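Chemist: Quick note, the sequences are listed as chains S and H, same order.
Residue 5 is where the first sequence starts when you use my numbering, and the numbers rise one by one after that.
Residue 41 is where the second sequence starts when you use my numbering, and the numbers rise one by one after that.
By construction, the Cβ of each residue, glycine as well, lies at the ideal position given by its N, Cα and C atoms.
From a predicted model like this one, the values you see are computed outputs, not experimental measurements.
Below is the structure I would like to discuss, written out as structure tokens.
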Amino acid sequence: MHNVWLIARREYIERIRTRGFLISTIMIPLVMGGLIYGSAFLGSRTGPGTHIAVVSSDTQLVMDLQAALQQPSTHRSQPRSARQPPIAVDAMDVAPQNAQATREILNQELDSGDLDGYLWITPAAASPANVQPARPTFTFTPRSNNQDALRNTLAAALGSVLMREHIEHRGIVASEADTMLQPVTILATRPPHREDSRSAEVSVGILFFLMYFVIVLYGMNVARSIIEEKTSRIFEVMLATIRPQEMMAGKILGVGSVGLTQVGIWLAAALLVSRSSMALVPGGQSLHLDLTAAQIVYFFLYFILGYAFYSSIAAALGAMTNSEQELQQLNMFLFLPLIVCFATLMSILPSPDSSLARALALFPPFTPLLMYLRVCLGHPSVWEIALSIALTSASIYAVVLIASRIYRIGVLMYGKRPNLREILRWLKYS
Amino acid sequence: MPIVQLNHIRKVYDTKVAVADLSFTIELGTMFGLLGPNGSGKTSSIRMMIGITVPDSGSVSLFDRPFTRKVLARVGYLPEERGLYKKMNVLDQLVFLGQLHGLSASVATARARRWCERLHIAEAIPKKTEDLSKGMQQKIQFIATLLHEPDLILMDEPFSGLDPVNAVLLMDTLAELRREGKAILFSTHRMDQVEKLCDNIALLHRGQLILSGSMREIKSSYSRNRVLIHFEGDDSFLRHPSIESHKLYNGNVEIKLRASATLAEDAQSLLAQAIRHARITRFEVMEPTLEEIFIEKVQETLPIKNGRELSMAMLDQPNGGALDA
Chain S
5 MHNVWLIARR EYIERIRTRG FLISTIMIPL VMGGLIYGSA FLGSRTGPGT HIAVVSSDTQ
65 LVMDLQAALQ QPSTHRSQPR SARQPPIAVD AMDVAPQNAQ ATREILNQEL DSGDLDGYLW
125 ITPAAASPAN VQPARPTFTF TPRSNNQDAL RNTLAAALGS VLMREHIEHR GIVASEADTM
185 LQPVTILATR PPHREDSRSA EVSVGILFFL MYFVIVLYGM NVARSIIEEK TSRIFEVMLA
245 TIRPQEMMAG KILGVGSVGL TQVGIWLAAA LLVSRSSMAL VPGGQSLHLD LTAAQIVYFF
305 LYFILGYAFY SSIAAALGAM TNSEQELQQL NMFLFLPLIV CFATLMSILP SPDSSLARAL
365 ALFPPFTPLL MYLRVCLGHP SVWEIALSIA LTSASIYAVV LIASRIYRIG VLMYGKRPNL
425 REILRWLKYS
Chain H
41 MPIVQLNHIR KVYDTKVAVA DLSFTIELGT MFGLLGPNGS GKTSSIRMMI GITVPDSGSV
101 SLFDRPFTRK VLARVGYLPE ERGLYKKMNV LDQLVFLGQL HGLSASVATA RARRWCERLH
161 IAEAIPKKTE DLSKGMQQKI QFIATLLHEP DLILMDEPFS GLDPVNAVLL MDTLAELRRE
221 GKAILFSTHR MDQVEKLCDN IALLHRGQLI LSGSMREIKS SYSRNRVLIH FEGDDSFLRH
281 PSIESHKLYN GNVEIKLRAS ATLAEDAQSL LAQAIRHARI TRFEVMEPTL EEIFIEKVQE
341 TLPIKNGREL SMAMLDQPNG GALDA
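This is how it looks when you write it as structure tokens:
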């Protein structure tokens, strides 16, 4: 055990000290956070200083629209997340005979970038006063194709403007019309025994991805570290005093502790940030990391199990190969179960307590990710949790045993990569 | 008490017989040379001695007991394929390897510093291993093997790749360790190194033991039929009837005399003739070198063609003069 500890400690210290660790610890959350923050930011707005032109002979309509678009937050029944900066609207009147010329001018402005789009309002044909007036036709010409957000905003604004016009037309006072058009707000309260489920789902989802990501990353690190040992040829010095099993166990523990340290730092930072106001995305939606203590404990438990399982497979792969290029050809053995696990998510997420979910979560390669999901979102019974831990531990033991045999013989044979038959024969050697 | 005792060990990889029926013992306070060309089974034998691989048949005893992993704390092994953690700093590396051999961190640190000074590489202590020259790395590796003061030291090709000065430094160190009573085994394909250092030798060829025993006895069992002459001038004395074969180099010649009961007289008559024609600066009568004995032995057991290939391969070693410095 002492040797395992020594190897693990060396691996841990040497890895923690590298610049790569520091950079990835800082950069990965920054990049991920940046992506979430950035996409929320971009998705929530039509862009700064949106500028459109409205062509219509109905000045009242244009003025109302202008008002609606320029003070959007007080006026519209949009959720907070979709709040947008005001849109500048140029009103243009046009005589029908000049239509063609006007269009050309507007198109030129679109091309030069002065305008983001223009709305052409064609009045409806005149109808008898009694009959409900037909709506005019609205044609929106955007500068680029991906202006759906702007078009939706326009449609919503036009809708409420027309509705107000209609109501006022029926002789209702403007202030009363305002009250009628006030958006309804439903105040959300938490369900009695559960955390805010949406936020919890997001948090669990983040942890799920984190687990997947770190298991893959550090599993590969174990394989790489073993290949490094082979290329530097130090293993032969080591094998003169220690057993291959000890060496492998030490490596897995050492590299794994680095992973745990990194995840720990990330989680601590995420919890800190989410307690402060910095977690507010510009759209207004908060990215709350909503986790109970039990969820965090289970996260580390299943993370450790998953990591141990996949990193011992990675160690065996590392022992079979002599270079990273060769390792990459065998990578699928590592990724495939994880990808399959991901694929089953779609059917498991909506019903985490279905019999399919229960069965899959007990299959050791899937246990870490799926059982964790069930613990957080479903209601697995205690015996299921215990059984999943027992099964996974047993299979980890088996995989480590096989991997260390492959390792012991694999490291001493250099040259070509062994084929399956040879590997099977290696397993028979004492 | 024999420190190492190999009893008819045998190892086969697939169809290749790496070691066939090898037996020898190594005593305390002696230096043992395991000799043979590349691929003759030296490394395989050493690996079986310390349990990296297990013999297919036969048995290994270390320190007079059947092999167990416990005794490895008393063994220092320098593999032929050198390896160190490249990114690690030298002291950390030595301390780590020392700890793996059961030393405490403080003892390992103190010894590592002492050894680095002894081998004149104290300035390397704070450096990263990858920043050192290859020779320095080799010394670090050498120190790592000895840090836990093993009673049995196994070195696979310890001098390969070293410059003459460092090779002699390491050789002197090994000789000192032997005086302290350690048992040392080293393998080499360079026979000239062994002649000076070893008490006992084992000659391997293709996994077979073809010669073993005490260096002195082996040498003295061969008659002194080799003559070395350094000369200036006419080389017509080389037609002397007692010469069986010779190799003429620039100004010196290695002569093998025909087997006869009067070798000593033959040599004198050869010298007399040489003096008549040339100016002699050196004349020496000696036993065959280990290398010659080895080639002879191989030729006895195998078709001549193989023996000749072998001799070519062995004479063709680079930096052959490393030990004569």
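With which residues is VAL277 (chain S) paired in a DSSP beta bridge?
Modeler: Residue mapping note: residue 277 (chain S) aligns to position 273 of the first sequence, counting from 1. Looking at the DSSP assignment, VAL277 (chain S) forms no beta bridge with any residue, so it has no partner.
Chemist: In angstroms, rounded to a whole number, what distance separates the CA positions of ALA223 (chain H) and VAL44 (chain H)?
Modeler: The sequence position of residue 223 (chain H) within the second sequence is 183, counting from 1. The sequence position of residue 44 (chain H) within the second sequence is 4, counting from 1. Roughly 9 Å separates the two Cα atoms.
Chemist: Using a beta-carbon distance below 9 Å, is VAL404 (chain S) in contact with chain H?
Modeler: Counted from its first residue, the first sequence places residue 404 (chain S) at position 400. For VAL404 (chain S), the answer is no, since every Cβ of chain H falls outside 9 Å of its Cβ.
Chemist: May I have the straight-line CA-CA distance separating GLY4 (chain S) from VAL226 (chain S), to the nearest angstrom?
Modeler: Outside the displayed span of chain S (5 to 434) sits residue 4 (chain S), for which this structure offers no information.
Chemist: If you drop the 5 nearest sequence neighbours on each side, which residues of the same chain put their C-beta closer than 8 Å to that of ILE269 (chain S)?
Modeler: Indexing the first sequence from 1 puts residue 269 (chain S) at position 265. THR29.
Chemist: Leaving aside the five residues before and after PHE212 (chain S) along the sequence, list all residues of the same chain whose C-beta is less than 8 Å from its C-beta, in chain order.
Modeler: As a position in the first sequence, residue 212 (chain S) is number 208, starting the count at 1. For PHE212 (chain S), where only same-chain residues beyond five positions count, the Cβ hits under 8 Å are LEU373, TYR376, LEU377.
Chemist: Relative to the alpha-carbon of CYS238 (chain H), which residue among H:VAL111, H:GLY253, H:GLY81, H:ILE315 has its alpha-carbon at the smallest distance?
Modeler: Along the second sequence, read from residue 1 onward, the residue named residue 238 (chain H) stands at position 198. Comparing Cα-Cα distances from CYS238 (chain H) to each of H:VAL111, H:GLY253, H:GLY81, H:ILE315, the minimum goes to H:GLY253.
Chemist: I'd like to know whether the C-beta of LYS127 (chain H) is nearer than 9 Å to at least one C-beta of chain S.
Modeler: As a working note, residue 127 (chain H) is residue 87 in the second sequence. Closer than 9 Å to some Cβ of chain S, the Cβ of LYS127 (chain H) qualifies, so yes.
Chemist: Does any residue of chain S have a CB that is nearer than 9 Å to the CB of VAL366 (chain H)?
Modeler: There is no way to answer for residue 366 (chain H), as the model of chain H reaches only from 41 to 365.
Chemist: Give the secondary structure of GLY76 (chain H) by DSSP, where H, G and I count as helix, E and B as strand, and everything else as coil.
Modeler: One-based indexing of the second sequence puts residue 76 (chain H) at position 36. Of the three classes helix, strand and coil, the one that applies to GLY76 (chain H) here is coil, per DSSP.
Chemist: Quick one: using the 10 Å Cβ neighbour count with 16 as the cut-off for buried, is TYR411 (chain S) buried or exposed?
Modeler: One-based indexing of the first sequence puts residue 411 (chain S) at position 407. Buried is the call here.
Chemist: Can you tell me where the alpha helix (DSSP H) holding GLY81 (chain H) begins and where it ends?
Modeler: Stepping through the second sequence from its first residue, residue 81 (chain H) is reached at position 41. That residue, GLY81 (chain H), is in no alpha helix (DSSP H); it is neither H nor E in DSSP.
Chemist: Quick one: is LEU321 (chain S) near chain H, going by C-beta distance under 9 Å?
Modeler: Numbered from 1 along the first sequence, position 317 holds the residue referred to as residue 321 (chain S). Not closer than 9 Å to any Cβ of chain H, the Cβ of LEU321 (chain S) fails to qualify, so no.
Chemist: Between the C-alpha atoms of SER99 (chain H) and VAL52 (chain H), what's the straight-line distance to the nearest angstrom?
Modeler: Within the second sequence, the letter at position 59 stands for residue 99 (chain H). Within the second sequence, the letter at position 12 stands for residue 52 (chain H). Distance between the alpha carbons of SER99 (chain H) and VAL52 (chain H) is about 15 Å.
Chemist: Residues of chain H with CB under 7 Å from ARG14 (chain S), in chain order?
Modeler: Reading the first sequence from its first residue, position 10 is the one you call residue 14 (chain S). Within chain H, the residues near ARG14 (chain S) are PHE136.
Chemist: Please classify ALA148 (chain H) as buried or exposed, where buried requires at least 16 neighbouring CB atoms within 10 angstroms.
Modeler: Residue mapping note: residue 148 (chain H) aligns to position 108 of the second sequence, counting from 1. Answer is buried; the Cβ neighbour count reaches 16.
Chemist: Return the residues of the segment 235–247 of chain S that lie within a Cβ-Cβ distance of less than 8 Å from chain H, sorted by chain order.
Modeler: Of all residues in the segment 235–247 of chain S, SER236, ARG237, ILE238, PHE239, GLU240, VAL241, MET242, LEU243, ALA244, THR245, ILE246, ARG247 have a Cβ within less than 8 Å of some Cβ in chain H.
Chemist: First and last residue of the alpha helix (DSSP H) that includes LEU129 (chain H)?
Modeler: For the purposes of this step, residue 129 (chain H) is taken as residue 89 along the second sequence, with counting starting at 1. In the sequence as displayed, the identity of residue 129 (chain H) is Asn instead of Leu. Taken as a continuous stretch (DSSP letters only), ASN129 (chain H) belongs to no alpha helix (DSSP H), as it is neither H nor E.
Chemist: Are any of the Cβ atoms in chain S nearer than 9 Å to that of LEU118 (chain H)?
Modeler: By 1-based counting over the second sequence, the position of residue 118 (chain H) is 78. Yes, its Cβ sits closer than 9 Å to a Cβ of chain S.
Chemist: Grouping DSSP H, G and I as helix and E and B as strand, with all else coil, what is LEU363 (chain H)?
Modeler: Taking the first residue of the second sequence as 1, we reach residue 363 (chain H) at position 323. Confidence in LEU363 (chain H) is poor, its pLDDT being 34 and thus under 50, which makes the residue's placement unreliable; the coordinate value appears in the next sentence. LEU363 (chain H) falls in the helix class under three-state DSSP.
Chemist: If I measure Cβ to Cβ from GLY414 (chain S) and keep anything under 6 Å in the same chain, skipping five residues before and after, which residues do I get?
Modeler: What you label residue 414 (chain S) is simply residue 410 of the first sequence in a count that begins at 1. Cβ neighbours of GLY414 (chain S) beyond the five flanking positions: ALA323, MET324.
Chemist: Please say whether ARG316 (chain H) and PHE277 (chain H) have beta carbons closer to each other than 9 Å?
Modeler: If you number the second sequence from 1, residue 277 (chain H) lands on position 237. If you number the second sequence from 1, residue 316 (chain H) lands on position 276. Their beta carbons are under 9 Å apart, which means PHE277 (chain H) touches ARG316 (chain H) by this criterion.
Chemist: Could you give the DSSP three-state label for ALA318 (chain S): helix, strand or coil?
Modeler: Along the first sequence, one-based indexing puts residue 318 (chain S) at 314. Three-state DSSP puts ALA318 (chain S) in a helix.
Chemist: Please name the residue, chosen from H:VAL135, H:ASP306, H:LEU249, that lies closest to SER282 (chain H) on a Cα-to-Cα basis.
Modeler: Looking up residue 282 (chain H) in the second sequence gives position 242. Per the Cα distances, H:ASP306.
Chemist: Should GLU18 (chain S) be labelled buried (16 or more other beta-carbon atoms within 10 Å of its own) or exposed?
Modeler: Position 14 of the first sequence, counting from 1, holds the residue named residue 18 (chain S). GLU18 (chain S) is buried by the Cβ-count criterion.
Chemist: Between which two residues does the alpha helix (DSSP H) containing GLY273 (chain H) stretch?
Modeler: For this step, residue 273 (chain H) is matched to residue 233 along the second sequence. Not the alpha helix (DSSP H): GLY273 (chain H) falls in the beta strand (DSSP E), residues 266–273.
Chemist: Could you confirm whether any beta carbon from chain S is found closer than 9 Å to the beta carbon of GLY81 (chain H)?
Modeler: The sequence position of residue 81 (chain H) within the second sequence is 41, counting from 1. Not one chain S Cβ lies under 9 Å of GLY81 (chain H).
Chemist: Let me know the secondary structure DSSP gives THR248 (chain H) once reduced to three states.
Modeler: Residue mapping note: residue 248 (chain H) aligns to position 208 of the second sequence, counting from 1. Looking at the sequence provided, one finds Gln at residue 248 (chain H) rather than Thr. Correct three-state label for GLN248 (chain H): strand.
Chemist: Would you call the segment 125–134 of chain H and the segment 161–178 of chain H in contact, with 3 or more CB pairs under 8 Å?
Modeler: Judged by Cβ distances under 8 Å, the segment 125–134 of chain H makes contact with the segment 161–178 of chain H, as three or more pairs qualify.
Chemist: Listing by chain order, which chain S residues have their CB less than 7 Å from the CB of GLN177 (chain H)?
Modeler: For the purposes of this step, residue 177 (chain H) is identified with residue 137 of the second sequence, where counting begins at 1. Neighbours of GLN177 (chain H) on chain S: none; closest Cβ ~11 Å, over 7 Å.
Chemist: Buried or exposed for LYS56 (chain H), going by 16 or more other Cβ atoms inside 10 Å?
Modeler: Taking the second sequence and counting its residues from 1, one reaches residue 56 (chain H) at position 16. With fewer than 16 Cβ atoms within 10 Å of its Cβ, LYS56 (chain H) is classed as exposed.
Chemist: Any C-beta of chain H sitting closer than 9 Å to the C-beta of ASN326 (chain S)?
Modeler: Position 322 of the first sequence holds residue 326 (chain S). Closer than 9 Å: no.
Chemist: State the CB to CB distance for the pair LEU394 (chain H) and THR228 (chain H), rounded to an integer number of angstroms; the pair is presumed to be in contact (CB under 8 Å).
Modeler: No statement about residue 394 (chain H) is possible, as the shown extent of chain H runs from 41 to 365 and does not include it.
Chemist: Which complete alpha helix (DSSP H) runs does the segment 160–248 of chain S hold, if anything under 4 residues is left out?
Modeler: Segments of the alpha helix (DSSP H) lying fully in the segment 160–248 of chain S: 178–185, 201–236, 239–243.
Chemist: When the cut-off is 9 Å and only beta carbons count, does ASN7 (chain S) lie next to chain H?
Modeler: Counting from 1 along the first sequence, the entry for residue 7 (chain S) is found at position 3. Yes, its Cβ sits closer than 9 Å to a Cβ of chain H.
Chemist: For GLU121 (chain H) and chain C, any beta-carbon pair shorter than 9 Å?
Modeler: Of the chains in the structure shown, none is chain C; the protein chains are S and H.
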